[in-house]
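Just below is one structure, and these are the notes that go with it.
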Amino acid sequence: MIGTRALRTSGTGALRGFPSRTTAKAPAYCTCHRDLRPGPHFICPRCQSRVCDLPMECPTCGITLVSSPHLARSYHHLFPVPPFAEVCEEEVSGGHLSCFGCGVDIPSQGGVRLRCEQCREVFCFDCDTYVHDSLHNCPGCEMKPDRAAPNSAALESIPS
1 MIGTRALRTS
11 GTGALRGFPS
21 RTTAKAPAYC
31 TCHRDLRPGP
41 HFICPRCQSR
51 VCDLPMECPT
61 CGITLVSSPH
71 LARSYHHLFP
81 VPPFAEVCEE
91 EVSGGHLSCF
101 GCGVDIPSQG
111 GVRLRCEQCR
121 EVFCFDCDTY
131 VHDSLHNCPG
141 CEMKPDRAAP
151 NSAALESIPS
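Be aware that the sequence shown starts at 1, since it is given in full-length UniProt numbering, and climbs by one per residue.
Below is the structure:
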């Protein structure tokens with residue numbers, strides 16, 4: 001309820017409800033089907049109506065009902081990893097580079113080398129695909145010192 005109240009007063013977010021899951025011993029009235037239904041239901045946090053599936057708009061009060069995994073799966077669409085730039089052969093000194101993601105040497109002939117423009121780390125084609133299609137975060141950017149926990153600088157200053 002605290003999160004709902006904060007979103008309602010700020011006016012900047014989309015109002016979402018996180019329903020609780022319950023299993024009734026007897027069939028219960030489902031507002032989305034307008035019928036008695038057996039099995040698990042989700043209870044709207046605003047109006048206490050029962051629905052049988054997520055995500056959906058509550059048929060009674062209109063709030064969008066979601067679970068936290070639904071939000072987590074959709075978050076990467078808001079902040080996609082920018083495309084990596086191909087590293088040309090002239091930039092490669094010493095004949096090869098190692099992929100920051102998997103550590104495999106990327107040959108200068110025939111190997112595709114891609115660089116994140118933010119952290120400047122180099123990735124092989126397979127890791128680039130994994131970063132953009134599945135992981136949705138650049139490992140090099142995630143490991144940058146300025147992304148460390150707020151107390152990490154204080155911990156580093158303590159003599160050992």
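All C-beta atoms in this analysis are idealised placements derived from N, C-alpha and C, irrespective of residue type, glycine included. All figures in this text were calculated on a predicted structure; none of them were measured in a lab.
L135 is positioned such that its CB atom lies no closer than 8 angstroms to that of V122. Membership of S74 in the alpha helix (DSSP H) is indicated by the continuous run 68-75. Residue pairing from DSSP places E57 in a beta bridge opposite T64. Inter-residue distance for F79 and C58 is about 28 angstroms (C-alpha atoms, whole angstroms). Shown here for S98: same chain residues with a beta carbon closer than 6 angstroms to its own, the five before and five after excluded, namely D105 in chain order.
Secondary structure of S49 (DSSP, three-state): coil. Between C124 and G140, the gap from beta carbon to beta carbon reaches 8 angstroms or more. When secondary structure is reduced to three states using DSSP, P107 falls in the strand class. For P139, there is no enclosing beta strand (DSSP E); the residue is found in the alpha helix (DSSP H) stretching over 139-142.
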